[in-house]
Each structure stands twice: as C-alpha cells, then as structure tokens.
Amino acid sequence: MPKQLARGVPLLSRSARYKKSGKWAVKHRGPVEGQVKKSKAVVTTKTEKKLGKKGTRTVVRPRSPRFYPTEHVPTKLYSRPPRPPKIRPSLVPGVVLIVLAGKLRGKRVVLLKVLPSGLLLITGPYKINGVPLRRVNPRYVIATSTKIDVSAVEVPAQLNDEFFKKPANSAPKKSQEEFFEGDKKDKKKEISPERKELQKTVDNQILPIISNQEYLKEYLNAHFGLNKGEYPHLLKF
Amino acid sequence: MPSQPIRLYTKGVVLGYRRSKHLQYPQWTLVRIEGVKEKNDTQFYLGKKVAWVYRAGKKNKDGSNIKVMWGKVATSHGNSGVVRCRFRHNLPPSAFGATIRVMMYPSNI
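In order, the protein sequences belong to chains Z and Y.
Per my numbering, the very first residue in the first sequence carries number 634; after that it's consecutive.
Per my numbering, the very first residue in the second sequence carries number 2; after that it's consecutive.
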C-alpha cells in the first residue's frame with residue numbers, strides 16, 4: 634500500500650510522485666530506431682452490444698489462445714550474474730589464519746586464494762601441520778597479522794569450487810547384503826593421486842618461503858588455544 | 002590432535018533471564034563473559050555464537066549424554082559488560098549459574 638497521511642490522502646503529492654517515479658528522466662517513449670517491435674497478433678472477438686436508446690457499441694474482447702500449457706509454467710525471473718564475493722580486508726592471500734571450528738579447529742594455516750563462491754582456499758602446508766588443500770568459511774577463521782609473500786606462488790587453476798565440491802550422490806546406495814551388515818565405520822577415505830599431486834605442487838612453492846622466515850614453521854605447527862587470563866577481546870591477532 | 006585440549010571459546014556464566022522485578026523475559030538470557038567488565042568490551046562478542054553444554058540423562062546413539070543448546074550474543078546489557086543472549090530455544094532455568102561457552106565465531110577479524 635502506498636504511504637498515506639490519512640485514509641485517502643497520499644503522502645506524496647502528484648508532482649512529488651512524478652518526480653520520484655523518474656518518468657521525467659525517460660527520454661525514449663516510442664520505439665527505438667532500427668528496432669522493430671514484434672506485435673503479437675491478438676485474436677479478438679467483436680460483439681455488438683445493444684444499449685437501448687443510445688444505439689449499439691462494439692465490445693472487443695481477446696479470444697483465449699488455441700494452445701496453452703496444461704500446467705502453469707512459471708516464467709523465470711531475472712537473476713543477476715554472480716559478482717565477486719565481498720571479503721573482509723584482512724583476508725589477503727598469504728595471510729596466516731586460525732581456524733576456529735570444525736575438524737581443523739585451532740590450526741594455523743595459510744590462505745592461498747579467495748574462491749568465487751566466497752570460501753577461502755587454504756593449505757597447511759600439509760607437511761607442516763597436516764592440513765591439506767581445503768576450502769574454509771571466512772566467518773570461521775581469524776586472520777592474524779602474520780603474512781607470507783605468496784605473490785610468486787602459482788595456484789593451479791584447477792583448484793576451484795567445482796574441484797572441492799562433494800559429488801551429488803556421495804552416499805552410495807547400499808545393496809541388500811550391505812544393508813543387513815550394518816554401518817561399516819572403518820571405511821577409509823581414499824585421497825586421489827591427483828589431489829596429492831596438486832598438494833605437492835602448491836606446497837613446494839610455499840615451503841621455501843616459510844623456511845626463510847624464522848620460527849614460521851614452528852608457528853604453523855603450533856595450535857592456537859585460549860589460556861587462562863587470555864580474552865579474545867583483548868588479544869591482538 | 003594435541004595432548005592438551007584446546008579452548009577456542011571464552012567462558013561465561015548464565016545470570017538468569019532478562020527481567021524486571023516482577024516480570025521476566027525468557028527469550029533473553031543474561032550472560033556474564035569472563036574478562037568483560039565494561040560495555041565497550043562487549044563489542045567483540047556481539048554476534049558470536051554461544052553454547053550451553055550440558056549432560057542429559059540418556060545416552061544418545063553416539064554413546065555420549067552431552068547435549069548443546071546454541072544461541073548468539075545479541076546486545077550488551079547495562080554498563081558492566083553483561084551481555085544478552087538469544088538461544089534457538091529458550092534456556093531452561095536449570096542453566097542459571099551454569100558455565101556457557103562464548104565461541105569466537107562468526108569472526109570479524
């Protein structure tokens with residue numbers, strides 16, 4: 634409902650509404666030169682209606698189309714093409730992150746890249762703290778002030794969101810025998826040799842940079858935890 | 002995993018519901034976070050997830066009887082660093098005086 638001062642009294646006057654609508658800025662009202670507007674031929678029926686003394690008038694009504702879909706097919710709304718994700722300024726490639734939740738909680742890792750989905754691509758490196766190439770949610774991560782210069786590091790283009798996504802049917806449908814056997818919890822997840830290769834490719838570029846800086850390897854190996862008397866609002870990361 | 006457990010949360014205490022003398026509002030629980038003594042100190046914690054971890058009677062199928070109630074730090078309460086939290090389901094009164102975990106996520110650092 635448009636805003637009203639009182640019932641029947643609109644908030645904006647007619648001139649104010651016109652200004653607000655922006656119609657004054659629209660220069661082109663007619664068809665654009667060169668553009669031929671396709672006009673749909675609407676089949677109409679014309680009936681003569683008798684109006685007594687006044688005579689008759691023709692009533693023109695569009696006929697219902699001959700063919701229409703039996704099920705209502707909703708028209709697809711315009712969806713904007715995805716834009717690059719907005720990430721807080723502290724998350725810069727090469728920064729050391731502290732992972733706050735999940736399996737990797739407490740680990741210090743290196744940020745490689747911000748993926749188009751908005752997730753962060755990180756690596757331990759694997760040799761240092763056992764963290765593989767992985768995606769991580771930026772909200773579950775603290776960026777420290779420790780940075781590594783990764784400008785020379787080439788992250789393979791293969792490492793994108795599609796690469797890390799879980800396959801659609803990741804849970805295999807159990808056969809009858811398997812169903813009766815029950816859950817096998819000792820199924821080890823096998824890492825593809827491709828992943829191991831990519832891990833090596835990336836880590837071998839980063840490890841020399843890390844070994845150049847004193848104590849950085851030990852730092853990445855260490856876990857982060859709050860101790861007695863340490864409060865995050867007083868800590869400087 | 003390291004030999005010593007890692008703490009990635011700040012401890013807090015549940016003080017009770019937000020209330021006046023005769024009327025209480027169970028949607029809001031008041032939490033005193035350790036080390037937070039002033040209103041401006043609470044700024045860091047606003048929006049952070051909060052968890053009340055407790056033991057229930059029955060053991061669930063994973064073999065533990067530990068249960069969690071999740072919530073968020075909503076706003077500061079008063080001038081001395083107390084904070085108002087909102088949980089997915091209101092905290093039961095048995096949680097008053099219990100220790101609560103104020104996590105460090107969603108992080109803004």
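Each residue gets a CB set at the ideal place from its N, CA and C atoms; glycine is no exception.
Item                                                                                                                                                                                         : Value
With distance defined between alpha-carbon atoms, name the residue in Y:Y26, Y:Q44, Y:R33 nearest to L867 (chain Z).                                                                         : Y:Q44
Could you check which residue in Z:S712, Z:H705, Z:R738, Z:G685 has the C-alpha nearest to that of I7 (chain Y)?                                                                             : Z:R738
Pick helix, strand or coil for Q639 (chain Z), following the three-state DSSP scheme.                                                                                                        : According to the sequence provided, residue 639 (chain Z) is Ala. The question's Gln does not apply to it. A639 (chain Z): strand per DSSP, three-state reduction.
Going by the DSSP bridge assignment, what does E827 (chain Z) pair with across the sheet?                                                                                                    : Bridge partners of E827 (chain Z): none, in fact.
Is it the case that the Cβ atoms of I775 (chain Z) and L730 (chain Z) are separated by a distance below 8 Å?                                                                                 : yes
Closer than 9 Å between beta carbons: that is the criterion. Which residues of the segment 15-43 of chain Y meet it against chain Z?                                                         : I34, E35, G36, V37, D42, T43
Check the Cβ-Cβ distances between P702 (chain Z) and every residue of chain Y, and say whether any is below 8 Å.                                                                             : no
Going by alpha carbons, who is nearest to Q832 (chain Z) out of Z:T756, Z:L733, Z:T678?                                                                                                      : Z:T756
At 8 Å on the CB atoms, spell out the chain Y contacts of I775 (chain Z), in chain order.                                                                                                    : M105, S108, I110
Report yes or no: is there a C-beta of chain Y within less than 8 Å of the C-beta of R741 (chain Z)?                                                                                         : no
Kindly confirm or deny that the segment 47-62 of chain Y and the segment 838-853 of chain Z touch, where touching means at least three C-beta pairs closer than 8 Å.                         : no
Could you name each continuous alpha helix (DSSP H) segment of 4 residues or more that falls completely within the segment 744-793 of chain Z, going from the start of the chain to the end? : 759-762
Note down, in chain order, every chain Z residue with its Cβ under 8 Å from the Cβ of F45 (chain Y).                                                                                         : P865, H866
For chain Y, check one thing: does any of its Cβ atoms lie closer than 8 Å to the Cβ of G858 (chain Z)?                                                                                      : yes
Quick one: using the 10 Å Cβ neighbour count with 16 as the cut-off for buried, is P789 (chain Z) buried or exposed?                                                                         : exposed
Using a Cβ-Cβ cut-off of less than 8 Å, list which residues of the segment 718-733 of chain Z approach chain Y; keep chain order.                                                            : R721, S723, L733
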